[in-house]
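Student:
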Amino acid sequence: MLSTTDARPSEQDLYAYMHGSHQSLELRYTELIAAVEANDRPEILALWVALERTVLAHLEAEERFVLPAFARVDQAEAMALSDRIAIMNSGRLEQLGDPGTLYDRPSTAFVAQFLGKTNILRAPVLGAADGSAQVRLNGHPVAVPGVEAAGTEMAFSLRPEKLRFGGGDTGFQGRVATRVFQGDSWMFEIDTPLGRLFLRTPNTRDAVPCEGETVAVGFHAEDLRAIQEEMP
Numbered sequence: 024m025l026s027t028t029d030a031r032p033s034e035q036d037l038y039a040y041m042h043g044s045h046q047s048l049e050l051r052y053t054e055l056i057a058a059v060e061a062n063d064r065p066e067i068l069a070l071w072v073a074l075e076r077t078v079l080a081h082l083e084a085e086e087r088f089v090l091p092a093f094a095r096v097d098q099a100e101a102m103a104l105s106d107r108i109a110i111m112n113s114g115r116l117e118q119l120g121d122p123g124t125l126y127d128r129p130s131t132a133f134v135a136q137f138l139g140k141t142n143i144l145r146a147p148v149l150g151a152a153d154g155s156a157q158v159r160l161n162g163h164p165v166a167v168p169g170v171e172a173a174g175t176e177m178a179f180s181l182r183p184e185k186l187r188f189g190g191g192d193t194g195f196q197g198r199v200a201t202r203v204f205q206g207d208s209w210m211f212e213i214d215t216p217l218g219r220l221f222l223r224t225p226n227t228r229d230a231v232p233c234e235g236e237t238v239a240v241g242f243h244a245e246d247l248r249a250i251q252e253e254m255p
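Remember, my numbering sits 23 above the position in the sequence shown when you count from 1.
#1: Spatial neighbours of Q196 within its chain, please: C-beta separation below 7 angstroms, excluding the five flanking residues on both sides.
#2: Whether or not the segment 199-208 and the segment 160-177 are in contact is what I'm after, with contact meaning three or more pairs of Cβ atoms, one per stretch, closer than 8 angstroms; do they touch?
#3: Out of curiosity, what's the CA-to-CA distance linking F242 and T175?
#4: Between G162 and R198, is the Cβ-Cβ spacing less than 8 angstroms?
#5: I'd like to check one pair, A146 with V134: are the Cβ atoms closer than 8 angstroms?
#6: Given a cut-off of 8 angstroms on the beta-carbon distance, is the pair R248 and F137 in contact?
#7: In the DSSP output, which residue or residues are listed as bridge partners for R192?
#8: Determine the closest residue to D229 out of N112, F188 and G194, with distance taken between C-alpha atoms.
#9: Please report how far the alpha carbon of K140 lies from the alpha carbon of P164, in whole angstroms.
#10: How would you write the range of the beta strand (DSSP E) that V167 sits in, first residue to last?
#11: By DSSP, does P183 sit in helix, in strand, or in coil?
#12: For M102, which residues does DSSP report across the bridge?
#13: Between R128 and L119, how many whole angstroms is the CB-CB distance? I'm expecting something under 8 angstroms.
#14: Relative to the alpha-carbon of T193, which residue among A173, T215, P225 and R202 has its alpha-carbon at the smallest distance?
#15: Would you grab the beta carbon distance between L222 and L144 for me? Rounded to a whole angstrom, and I think it's under 8 angstroms.
#16: In chain order, what residues of the same chain have a beta carbon less than 6 angstroms from the beta carbon of E86, not counting five sequence neighbours either side?
#17: Quick one: is A152 buried, meaning 16 or more other Cβ sit within 10 Å of its Cβ, or exposed?
#18: What is the DSSP secondary structure of Q136, reduced to helix, strand or coil?
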């Protein structure tokens, strides 16, 4: 039986649950959630993801139990487990959708920042043309495709992996404020004319800029996602 005293399940505990040596799934499910959420070991989390899908499939097949929603603190786990996610803010629904849509096309600044790091860029609106919003960024006009111009100023989300060294449709100079090694990638904070921006780049054999170094960065306009600052 899974002990709740230390709240740290072993691989054997989870394998036992996954392969049928368990009883009363509904009653034990809450206990298991509490135990796993207290354990941050990657191998336990991987087993937990597999287990949770197994348990839900079993209960749904027997038409005995429906679990309509998860209250998750770990956003990466929520995106790995869920087909659809509802993001709430102070009791209000901000956005409902599949993980890919919520991450890549957030509707509000809250959603964009809730699901990982992002850059929030604000730009004066110049007008609209050919299905694009014309805005001014870093003193230059930029056409953001597939976006309807609204108001006198618009806000955009730009994910760190969409900001690149070397340039893009919009290129400018910056200075590396910090860099953090994250195993498969590097995360940079770069001081730019648009403010301090996050930039994530894959960890390859190529050399990466050092803190204090001046760099050229940029992005493609199609990677900007128009967002609302607050819910209406």
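Don't be surprised by glycine CBs; every beta carbon is placed ideally from N, CA and C.
Tutor: Let me lay it out:
#1: These residues qualify, in order along the chain: T237 and A239.
#2: no
#3: Taking the straight line joining both Cα atoms gives about 23 angstroms.
#4: no
#5: no
#6: no
#7: Looking at the sequence provided, one finds Asp at residue 192 rather than Arg. D192 pairs with nothing; no bridge assigned.
#8: F188
#9: 26 angstroms
#10: H163 to P168
#11: helix
#12: None, per the DSSP bridge assignment.
#13: About 13 angstroms separates the beta carbon of R128 from that of L119, a gap too long to meet the 8 angstroms contact definition.
#14: Checked all of A173, T215, P225 and R202; the closest Cα to T193 is T215.
#15: Not confirmed; about 13 angstroms, so no contact.
#16: For E86, the predicted model reports a pLDDT of 48, less than 50, meaning its position is unreliable; a value from the coordinates is still stated below. Nothing meets the Cβ criterion.
#17: exposed
#18: helix
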